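Peer 1:
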Amino acid sequence: MEKTQFSYYLDTVSKYAGGIAAFLVLLLSLLVAYDAGMRYLFSEGSIALQEIEWHLFDMIFLLGLSYALKH
């Protein structure tokens, strides 16, 4: 079965989604380290920051899934 123009388009979207997911993994790692440091060193936790971490995790899962299935 030959690839169509739409198939090439989806491959490109999947490639960019994988790149975005990789960047979000780095961002999430930094946020978790910051949140853990603030909580254990200064006893200052942030519920809003933890919510952002969960939303980033969801985005990483959804964006990374298409890239993982392609490769």
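To convert, take the position in the sequence shown, counting from 1, and add 261; that gives this note's numbering.
Think of the CB as a built atom: it goes at the ideal place given N, C-alpha and C, for glycine as much as any other residue.
Here the structure is a predicted model, which means the values were calculated and not measured.
How would you call A282, buried or exposed, if buried means at least 16 neighbouring beta carbons within 10 angstroms?
Peer 2: Position 21 of the sequence shown, counted from the first residue, corresponds to residue 282. Burial call: buried.
Peer 1: Quick one: what's got a C-beta closer than 7 Å to Q311's C-beta in the same chain, skipping five residues either side?
Peer 2: In the sequence shown, residue 311 corresponds to position 50, counting from 1. D296, listed in sequence order.
Peer 1: Measure the alpha-carbon distance for V274 versus K331 and round it to whole angstroms.
Peer 2: Position 13 of the sequence shown, counted from the first residue, corresponds to residue 274. Position 70 of the sequence shown, counted from the first residue, corresponds to residue 331. Between V274 and K331, the C-alpha separation is close to 11 Å.
Peer 1: If you draw a straight line from the C-alpha of A294 to the C-alpha of A309, how long is it?
Peer 2: Position 33 of the sequence shown, counted from the first residue, corresponds to residue 294. Position 48 of the sequence shown, counted from the first residue, corresponds to residue 309. Distance between the alpha carbons of A294 and A309 is about 15 Å.
Peer 1: Can you check which of these residues, M299, S304, E314 and Y277, is closest to S290 by C-alpha distance?
Peer 2: In the sequence shown, the residue the question calls residue 290 occupies position 29. For the residues M299, S304, E314 and Y277, the minimum Cα distance to S290 belongs to E314.
Peer 1: Round the Cβ separation of M320 and L285 to the nearest angstrom and send it over; I've been treating them as touching at under 8 Å.
Peer 2: To locate residue 320, count along the sequence shown from 1; it is residue 59. To locate residue 285, count along the sequence shown from 1; it is residue 24. Indeed, because the Cβ distance is near 6 Å, the residues count as touching under 8 Å.
Peer 1: What runs of the beta strand (DSSP E), each 3 residues or longer, lie entirely inside the stretch 292 to 323?
Peer 2: List check, beta strand (DSSP E) in window: nothing returned.
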